[in-house]
Structure formats: structure tokens, C-alpha cells
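Following: one structure in C-alpha cells, then a few remarks.
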Amino acid sequence: MKIFVCIKSVPDTAATIKLSGESSFEDSDCKFVINPYDEYGIEEAVTLVEKNGGEVVVITAGRASADGALRSAMAIGANRAIHVKTEEQFLDSSFTAKVLKAAIERDGMPDIIFTGKNSVDTEGFQTPYRLAAELGFPVVNEISKLKINGDKAVAEREIGGGDREVLEISLPAVIGVTKGLNEPRYPKFPDIMKAKKKPVNLITISDLGIDELFSKSRLVKLESAPERSGAKMIQGSVEAQVKELIRILKEDEKVL
Amino acid sequence: MSRTGVLIEISDSGRIKDTICGVLTAARGRDGNNEVYAMVIHTGQSDQMDELQSAASIDQMALYGVGKLIVITADGDLANSPDIQSASIVAAAKEYQFNSLLGLASASGRDLFARAAAAFNEPMASDCISVDLEGKSAVKSHFSGKTFATVQLDCTTMIATIRPNAVEPIKVSDSQIAAKDASYSIEIINFKSSATSDGRIKKVEVKKGSSSKLDLTEAPIIITAGRAIKDAANFKMIEECAEVLGAAIGASRAAVDAGFAPHSIQVGQTGKTVSPKVYIACGISGAIQHFAGMKTSKVIVGINTDPDAPIFSKCDYGILGDIFEVIPALTKALK
């Protein structure tokens with residue numbers, strides 16, 4: 098079984114984002130990590146290969162600093178990595194999909210491609226779908242339960258209100274995953290050391306026959322989300338407080 | 007004149023979801039003059055379609071500016087193939103020459119529109135807070151809600167999904183209805199797409215959850231409990247309050263990780279993103295990751311025993327107190 102896991106190196110979710118210029122941020126201040134949803138894909142791939150044999154290849158299109166995320170993925174158990182180097186943090190999902198497709202094809206077709214359901218930096222929610230369209234594979238996303246039966250997978254996703262949709266999908270396929278699928282393991286120290294020696298194939302987009310970066314969606318402005326300045330504290334006894342809260346919500350805010 | 011197609015989502019009974027009205031409002035464009043085509047996927051349940059075409063539903067769509075309703079059917083198994091659904095949406099968008107294609111960033115909307123954008127080979131803006139159809143740009147959350155990004159799309163047809171409750175629903179004015187001579191009548195078009203599928207992806211089942219519960223991401227009011235709830239059984243107190251409020255119930259990551267609540271109701275970074283009119287956070291400290299999932303709520307209320315809890319520095323109204331006293335009192339007062 099050959100499994101690819103597409104990952105992205107993103108600012109730690111606990112990081113404060115300091116803006117710089119019209120549409121960028123101070124990335125030197127940020128700790129970068131594996132996109133949290135991608136970790137479920139790595140764990141699932143490693144578990145499947147432990148059971149069935151084969152190999153797990155992690156792949157990213159990203160800047161030089163994305164090496165850290167690839168090493169972390171290999172510490173979890175991925176066998177090797179492909180790093181398509183780019184200069185930009187924000188890539189158009191159509192471009193990313195083209196790059197990933199070319200690199201995956203060059204390496205040899207997999208049985209499964211895992212991705213996170215989306216990245217927590219651009220929150221674009223499109224790369225798994227566009228990658229599947231490029232490869233002509235079927236795709237499912239936001240999967241939190243998965244069973245592989247030969248050349249088919251049965252995948253479950255939540256569709257709101259606690260309802261769950263069960264989909265059957267033929268392999269090879271792109272499977273976007275989310276929390277609930279598994280509990281990603283914490284790499285042990287020897288695994289972290291071993292990961293430093295695992296091979297990373299560093300390539301450029303021109304190696305893949307792609308001439309230049311293109312972008313059909315451009316980030317033109319990045320601004321801090323408006324923050325509230327602090328709560329108006331409601332005073333008095335518990336009864337008085339809840340009465341006042343109800344009055345505020347009904348009369349002042351008109352939301353009840 | 008510019009033309010917008012909107013994918014309508016309906017409940018099991020065929021009623022239009024309330025959250026669609028905000029999308030229809032956005033679909034009318036800057037001056038409110040766009041032609042709006044509502045589209046619905048006919049999954050084979052004719053009673054659903056009857057309800058959708060009932061006078062009440064037609065009135066509701068007309069009030070929010072819909073001029074035509076396209077009922078989509080297909081050669082293939084439309085009900086069980088997300089690929090046939092998205093291909094049919096693209097086919098309708100081409101047939102009726104939409105300048106923009108909008109939907110709701112719900113679980114099914116997110117999925118179908120991403121499929122459609124990939125099939126259409128057009129860029130898309132997902133989970134937008136606002137859209138500028140004329141300028142082909144959108145504002146959406148970046149870095150888990152810490153920043154807002156304006157994204158410019160280089161496209162022929164602008165494709166976007168809108169975060170539920172993010173755009174305030176506004177009815178069209180009487181004068182606009184009169185000017186269009188629409189008088190609440192909507193033309194119904196049956197559109198049959200030729201899309202079929204090779205069967206490589208197929209919906210085999212929907213497992214129903216507890217059907218009485220409101221969907222978190224689309225609820226107008228949400229009440230959420232944090233670790234301070236101490237036990238799964240104590241959610242009963244939250245449920246009682248939610249019932250009188252007409253609210254959906256959420257939980258913080260701490261409460262989910264402690265096993266007090268399922269992940270399906272987690273709000274925040276690795277859970278759901280919500281944007282209700284009222285968000286009541288009970289015993290939640292207010293971590294940056296939690297705010298990522300609810301900061302675009304209209305009014306946020308924090309209830310906590312710790313005066314230094316970060317929630318109080320970032321919400322609208324605060325009650326310093328024990329949730330086990332405040333929530334039952336709130337439930338009682340609401341009754």
C-alpha cells in the first residue's frame with residue numbers, strides 16, 4: 098500500500114499574528130507547525146501501513162521552513178518526504194493542486210492520498226477537491242471515520258445536527274480528514290532523531306515542468322479581526338443579573 | 007443586469023433554511039438589483055418539492071428577491087452522488103449564464119461548492135463574511151479567525167459560500183417588488199442535467215443524530231459549556247436553558263477532551279465555526295482557539311467565576327458568577 102499525505106506548514110494556532118504591510122504577516126515571530134488536521138491524515142496513513150505494509154510519503158508545497166513540518170510527520174512514522182519548494186506562504190489552491198499532482202505522478206501513483214480537511218491559515222477548503230479533479234480521483238472531505246475494504250473505502254462525515262453521512266468511495270481516492278478520526282501519537286525522542294535522517298526529496302516547480310506560479314485568487318488585504326474592547330459586567334444578585342441580561346438581549350441588542 | 011444563482015438548502019420537510027435568506031440578500035448585489043435564481047436539488051422526494059413550491063415558501067423566496075426557481079434533476083443518481091450534484095450545479099450555472107454562484111457554507115454547501123469550483127475550474131472564496139459580487143472579491147476569515155482577508159478572484163463566474171448568519175437577511179422593498187412587477191410570483195424552471203457518474207463515490211446511508219437538536223453552525227442562538235460543567239450529566243442544565251432560549255448547544259475543547267461532550271458540538275479552532283446572533287459562553291476561559299470559532303457572533307455573553315478569565319476582556323457582556331447558579335436562574339427567568 099502506498100499512501101501520500103499532503104501537509105502544510107502553518108503558524109501555530111496559539112500564535113499571535115502580527116500584520117505587516119497590506120497583505121502579509123511577520124512570520125519570523127511565529128512558530129510553524131503541521132496544519133493540525135493533516136496530523137489525523139498522517140496518523141491514519143501510518144496505522145494503515147503498519148497493518149498492511151507499504152510506505153507513507155509526506156508531501157508539501159511550501160517554503161524552506163516547511164522542512165520542520167515534514168520532519169515532524171516523519172517522526173510520527175512517515176517513511177520519506179517530498180518538498181516542492183516555493184517562496185510564498187499563501188498559494189492558490191489550483192496552483193497547489195497542480196504542483197502536488199505533478200509531484201505525486203512523478204513519484205508513482207498511490208492507493209490513497211490523505212489531506213487535512215483544510216488549512217488553518219488560509220481556510221480555503223479547496224485543495225483536496227482540486228487535487229482530486231487534477232488526478233481524476235474521487236474525493237471525500239471532513240472524514241472522521243474510515244474503513245478500508247480492499248479497493249473501496251467506507252467513509253463517514255458529519256453533516257450537521259449530529260447527522261452522519263456514510264459514503265462509499267473507490268480507491269485510489271483523495272480523503273480529507275478531520276478531528277475524531279484517530280488520536281495522533283506523540284513522537285518519542287528516538288523517532289524524532291530517526292526522522293532527521295529520513296530522506297527529503299527537495300524539488301522545484303520547474304523540475305515538475307511547471308513554468309511559473311499562477312494565482313486565480315489573490316490576497317489583497319489582511320487585517321486584524323475586530324476585537325471587542327471588554328465586557329460590560331452586569332452587577333447585582335444572580336436574579337438581578339439574569340433579569341438585566343435578558344432585558345439587554347431583548348431591548349438593547351434586539352437579538353432575543 | 008447581473009445574474010446570481012443561489013443553491014437553496016431545505017429541511018427534510020421542504021422548508022427553506024432560515025440561513026439561506028442572508029445568502030439571498032448577498033445575491034442581490036451592491037444595489038440590490040441583481041436577478042436572483044434560486045436552485046434546488048430534487049432528491050426524489052416529491053413532498054419536499056411540493057412544500058418548496060407552496061405559497062408560503064414562494065412568498066418567502068420572493069420577499070428575499072428570488073425571481074426564478076430552478077428545480078434540478080439529472081440523468082444519474084442525483085440524490086446519492088455529490089459529483090452529479092456539483093456537476094448539475096455547474097451545468098445550470100452555464101445554461102443560465104450566472105455571473106455569480108452563491109451558497110451556504112454548511113457541511114453540504116462547503117462540500118458541493120468545492121466540488122463545483124474544481125469541476126468548473128474557477129477560483130472560489132469559502133466561508134465568506136461578506137462578498138462584493140461586482141468587484142469579484144470577498145472577505146473571509148484567515149488564521150482561524152484572527153485576521154480577515156480580502157480575496158480578489160480572477161474569474162468569469164464568481165463562486166463563494168457564505169458563513170451562516172454572517173450576512174444580515176434583508177427583505178426587498180415593496181417598491182422593488184412593484185418595479186419588477188413580480189408581485190410574489192416566481193417562475194419555476196425544471197432543469198435536467200445530463201450528468202452521470204461512474205459510481206466511484208456514492209452516498210450509502212445517513213445516520214440520524216438526535217433529531218431534536220438544532221444544527222450548531224446555523225443556529226441563531228448558541229449556549230456553550232466549558233470544563234466548569236464538570237460532568238456530562240450536568241449538560242442537562244444547559245439543555246434546559248437551551249430549550250427555553252431556542253438555542254443550540256456547544257462545548258469548548260476542554261469540555262470535549264474531558265469527555266463531557268462529543269466532538270460534534272465542539273466550538274473553536276479544531277471544531278465548529280459559528281456566527282450566531284447570541285453566543286453564551288458558560289464557564290469558558292476564552293482561549294484564542296475558542297474565540298477563533300465564535301468571534302464573528304453578534305453578541306457574546308461570558309459567565310465565569312474568575313474575574314481575570316480572558317473571556318471577559320473579549321466579550322460584550324459578562325456575569326461574574328457560578329454557572330450552576332446563573333444558568334438555572336436564567337432558565338427560570340426566561341420561562
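Each protein sequence line maps, in turn, to chains A and B.
The opening position of the first sequence corresponds to residue 98 in our numbering, with each subsequent residue numbered one higher.
The opening position of the second sequence corresponds to residue 7 in our numbering, with each subsequent residue numbered one higher.
Idealized CB from N, CA, C, for every residue including glycine.
Our two residues, A/D164 and B/F149, have alpha carbons roughly 21 Å apart in a direct line.
For the segment 242 to 321 of chain B, the continuous alpha helix (DSSP H) assignments of 4+ residues that do not extend past its boundaries occur at 259 to 263, 294 to 298 and 317 to 320, in sequence order. At a Cβ-Cβ threshold of 8 Å, A/F311 and A/F187 do not count as neighbours. Residue pairing from DSSP leaves B/H48 without any beta-bridge partner. Annotated three-state conformation of B/P88 is helix, per DSSP.
Taking a cut-off of 8 Å for Cβ pairs, the segment 251 to 266 of chain B and the segment 289 to 307 of chain B touch, as three or more such pairs fall below it. Non-local beta-carbon contacts of A/R168 in its own chain, meaning distances under 7 Å to residues more than five positions away in sequence, involve A292 and K293 in chain order.
Of the candidates B/E193, B/I228 and B/L326, the residue whose Cα lies closest to the Cα of A/V335 is B/L326. When rounded, the separation of the alpha-carbon atoms in B/V96 and B/D263 is 41 Å. A Cβ-Cβ distance of about 7 Å is found for the pair A/D260 and B/K213, placing them in contact under the 8 Å criterion.
From the listed residues B/S52, B/E331 and B/P268, the smallest Cα separation to B/I16 is found for B/S52. Listed along chain B, no residue sits closer than 7 Å to A/P281 by beta-carbon distance, the nearest being about 12 Å off. Taking 8 Å as the CB threshold, A/T193 stays off the interface with chain B.
Counted as a single uninterrupted DSSP element, the alpha helix (DSSP H) harbouring A/A230 occupies residues T224 to L232. By the Cβ test, the segment 99 to 114 of chain A is in contact with the segment 124 to 144 of chain A, since at least three Cβ pairs between them sit closer than 8 Å. When the beta-carbon positions are compared, B/I194 and B/Q59 come within less than 8 Å of each other.
Annotation for A/K242: E253 place their beta carbon closer than 6 Å to its own, counting only its chain and skipping 5 residues before and after. For the segment 99 to 118 of chain A, the beta-carbon criterion of a distance under 9 Å to any beta-carbon of chain B is satisfied by V107, P108, T110, A111, A112, T113, I114 and L116.
Identification of residues in the segment 328 to 340 of chain A having a C-beta nearer than 8 Å to some C-beta of chain B yields A328, K329, M330, I331, V335, E336, Q338, V339 and K340, given in sequence order. Segment contact: the segment 345 to 352 of chain A against the segment 19 to 33 of chain B, fewer than three CB-CB distances shorter than 8 Å; contact not assigned.
DSSP places A/K195 in the helix class (H, G or I) of the three-state scheme. DSSP, read as helix, strand or coil, puts B/L222 in helix. DSSP places B/V42 within a strand segment (E or B) once states are collapsed to three. Taking the Cα of A/I156 as reference, the smallest distance to any Cα among A/I201, A/I289, A/I173 and A/E280 is reached at A/I201. At a cut-off of 8 Å between beta-carbon atoms, B/M130 makes contact with chain A.
Assigned with DSSP and collapsed to three states, A/F311 falls in coil, not helix or strand. In this structure, DSSP gives A/D204 a helical state, which the three-state scheme calls helix. Your pair B/T167 and B/D204 does not check out as a contact, with CB atoms roughly 26 Å apart and the cut at 8 Å. In this structure the segment 62 to 70 of chain B lies against the segment 160 to 178 of chain B, because at least three pairs of beta carbons, one per stretch, are closer than 8 Å. B/M45 counts as buried, since at least 16 other C-beta atoms from the protein chains shown sit within 10 angstroms of its C-beta. For A/V146, the enclosing alpha helix (DSSP H) begins and ends at P133 to N149. In the three-state DSSP reduction, B/R121 falls in the helix class (H, G or I). Ranked by Cα distance from A/I100, the first of A/S121, A/L116 and A/G150 is A/G150. Closer than 8 Å at the C-beta level to chain A, one finds these residues of the segment 137 to 153 of chain B: S143, K146, S147, H148, F149, S150, G151, K152 and T153. Contact between the segment 216 to 232 of chain A and the segment 143 to 157 of chain B is present: 3 or more CB-CB pairs across the two stretches fall below 8 Å. Interface with chain A (8 Å Cβ-Cβ cutoff): B/D263 is excluded.
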